[in-house]
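Engineer: Residue 117 in the numbering used here sits at position 76 of the sequence shown; the count goes up by one each step and never skips.
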Amino acid sequence: MLLDFDPLVTGMPSQPFRLSWAGPDGKRVRHTPDFFVRRADGTALVVDVRPDERIGPGDAVKFAVTAAACRSVGWDFARVGSPDAVLMANVRWLAGYRHPRVHRPDVAACTGTRPAPWSSSRKPCTREPAA
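(1) Would you identify the three-state DSSP class for Gly64, choosing helix, strand or coil?
(2) DSSP state of Phe58, grouped into three classes?
(3) Asp45: buried (16+ other C-beta within 10 angstroms of its C-beta) or exposed?
(4) Would you tell me roughly how many angstroms separate the C-alpha atoms of Trp176 and Arg95, rounded to the nearest one?
(5) Can you check DSSP and say which residues form a bridge with Asp82?
(6) Using a Cβ-Cβ cutoff of less than 7 angstroms, which residues in the same chain neighbour Val121 once the five nearest sequence positions on both sides are dropped?
(7) Out of Ala81, Cys111, Ala105, Gln56, which one is the CA nearest neighbour of Leu49?
(8) Nearest-angstrom Cα distance between Gly52 and Pro74?
(9) Judging by CA-CA distance, which residue of Gly97, Asp93, Pro54, Lys103 is the nearest neighbour of Pro65?
(10) Going straight from the alpha carbon of Met129 to that of Ala119, what length do you get?
(11) Please work out which residues of its chain come closer than 6 angstroms, Cβ to Cβ, to Ser160, disregarding the five sequence neighbours upstream and downstream, and give them in chain order.
(12) Compute the distance between the beta-carbons of Phe77 and Pro92, then report whether it is under 9 angstroms.
(13) Quick check on Pro74 - is its C-beta less than 9 angstroms from some C-beta in chain C?
(14) Ordered along the chain, which non-local residues of its own chain (more than five positions away) have a Cβ less than 8 angstroms from that of Pro30?
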């Protein structure tokens, strides 16, 4: 969800592909990364999400193989853990305003990115709110 707010991210499918390889014992090992992130500059990032305390030895190997596979094709790789709880609470709250049902062109016309809303130089809105 944090990447939804990154202006450099242009696309982000979940579980984009599956890697498969033979483990040391000859058995098939598979891993599906969590996200594939396409950036505005054309670069790519593969993301696995797993808290540190939930990474076992087998998982560490899967993440290492995924990182090596990404490097081989010129992609970045990141394994991320649990984000700060307060940050996530704020992001979840903000994410609620992405939905079309909360889009208010009349309100948006009265706001802008500059000057900041707390600035005394801001011009008052003269439009009536929508009913």
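Just so you know, even glycine gets a beta-carbon here, dropped at the ideal spot from N, CA and C.
Given the structure is predicted, the values throughout are model-derived calculations rather than measurements.
Structural biologist: Answer, in terms of the structure:
(1) For the purposes of this step, residue 64 is taken as residue 23 along the sequence shown, with counting starting at 1. It is coil, neither helix nor strand.
(2) Taking the sequence shown and counting its residues from 1, the one referred to as residue 58 is at position 17. Reduced to three states, the DSSP call for Phe58 is coil.
(3) The count along the sequence shown starts at 1 and reaches residue 45 at position 4. By the C-beta density criterion, Asp45 is exposed, having fewer than 16 other C-beta atoms within 10 angstroms.
(4) Not covered by the structure: residue 176. The range shown for the chain is 42 to 172.
(5) The residue you call residue 82 lines up with position 41 of the sequence shown. Per DSSP, none; premise fails for Asp82.
(6) On the sequence shown, residue 121 is found 80 positions in, with the first residue counted as 1. Exclusion of the five residues before and after Val121 leaves Val88, Val90 as the residues of its chain whose Cβ lies within less than 7 angstroms of its Cβ.
(7) In the sequence shown, counting from the first residue as 1, residue 49 sits at position 8. Comparing alpha carbon positions, the residue from Ala81, Cys111, Ala105, Gln56 closest to Leu49 is Ala81.
(8) Against the sequence shown, residue 52 aligns to sequence position 11. Against the sequence shown, residue 74 aligns to sequence position 33. Here the alpha carbon of Gly52 sits roughly 15 angstroms from the alpha carbon of Pro74.
(9) Indexing the sequence shown from 1 puts residue 65 at position 24. Closest by alpha carbon: Lys103.
(10) One-based indexing of the sequence shown puts residue 129 at position 88. One-based indexing of the sequence shown puts residue 119 at position 78. Whole-angstrom Cα-Cα distance: 19 angstroms.
(11) The count along the sequence shown starts at 1 and reaches residue 160 at position 119. In this predicted model, Ser160 has a pLDDT of only 44, less than 50, meaning its place in the structure is not dependable enough to derive any value.
(12) As a working note, residue 77 is residue 36 in the sequence shown. As a working note, residue 92 is residue 51 in the sequence shown. Taking 9 angstroms as the Cβ cut-off, Phe77 and Pro92 do not qualify as a contacting pair.
(13) Here chain C cannot be found, since the structure has a single protein chain.
(14) This structure leaves residue 30 out entirely; the chain is present only between 42 and 172.
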